[in-house]
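As structure tokens, the structure follows; a few thoughts come after it.
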Amino acid sequence: MSTIGAAPGTRQPLAYLHEQLEELKAKGLYFRLRVLESEQKPVASFDGQEVINLSSNNYLGLTTHRALRRAALEATRRWGVGAGAVRTIAGTMKIHMELEEQIARFKNTEACVVFQSGFTANAGTVAAILGKDDLIISDELNHASIIDGCRLSKATIKVFKHRDLNDCERVCQETANWPGRKLLITDGV
-10 MSTIGAAPGT RQPLAYLHEQ LEELKAKGLY FRLRVLESEQ KPVASFDGQE
40 VINLSSNNYL GLTTHRALRR AALEATRRWG VGAGAVRTIA GTMKIHMELE
90 EQIARFKNTE ACVVFQSGFT ANAGTVAAIL GKDDLIISDE LNHASIIDGC
140 RLSKATIKVF KHRDLNDCER VCQETANWPG RKLLITDGV
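At position 120 of the sequence shown the residue is numbered 109 (the working numbering), and the sequence of numbers has no breaks.
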């Protein structure tokens, strides 16, 4: 361990982190990344073992779809391997705008926004459509991305018990006269 920043004869300034990590390992609580050794498919190889992968967001198998692979290779040849910046600074490329226009036409709507992940889509959308005068009625076990979006919106948040329609109805009735906008939000696949 480096002694940078420690005076001679004193404890290393980050020694406590090493101790905490060792304690986590001893308790069997140390987080270790699971290494995927194959394509992202329903049956995948993790840490040398073939397993059914129930933890992926690749519900539809799109990461290995032949037509999408070809399109990704063509886009890489034409546009490079990345945008080089977040979209709000200098990362919005013509190809992003074309994709959003195509999706909007397909969905027969005015416009759409493509996010880089489901997490940012949930957090960004909720925060964008609601504000401090509004109310969110939220399932207690919503995904962290939804919870973050709710908090970012500055709206008042009322929580109902997970998958409990009676409790959800109770919260809706208690807030029936809320003067601002209201959003009932839960997640699922």
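Don't be surprised by glycine CBs; every beta carbon is placed ideally from N, CA and C.
Counting of Cβ neighbours within 10 angstroms places PHE20 among the exposed residues, the total staying below 16. The beta carbons of ALA112 and ASP137 sit about 5 Å from each other, so the pair counts as a contact at 8 Å.
Linking ALA61 to TRP68 through their CA atoms gives a straight-line distance of about 10 Å.
Here the stretch 139 to 152 does not lie against the stretch 93 to 101, with fewer than 3 beta-carbon pairs under 8 Å apart.
Between LEU88 and VAL70, the C-beta gap is not smaller than 7 Å, which leaves the two residues out of contact. Nearest Cα to GLY169 within the set VAL160, ARG140, LYS121: LYS121. Rounded to whole angstroms, the separation of the alpha carbons of SER27 and ASN131 is 30 Å. The three-state reading of DSSP puts LEU10 in helix, counting H, G and I together.
CYS139 is positioned such that its CB atom lies closer than 7 Å to that of VAL115.
Judged by DSSP secondary structure, ASP128 falls within the beta strand (DSSP E) whose first and last residues are 124 to 128.
In this chain, the beta strand (DSSP E) harbouring LYS147 covers 145 to 149. Taking 7 Å as the cut-off, the Cβ atoms of LYS150 and GLU129 count as close. Inter-residue distance for HIS7 and LEU13 is about 10 Å (C-alpha atoms, whole angstroms). LEU172 sits in a strand when the DSSP states are folded into three classes. In this structure, MET86 sits away from ALA72, with a CB-CB distance that is not shorter than 7 Å. Look at LEU88 here: in three-state DSSP terms it is helix.
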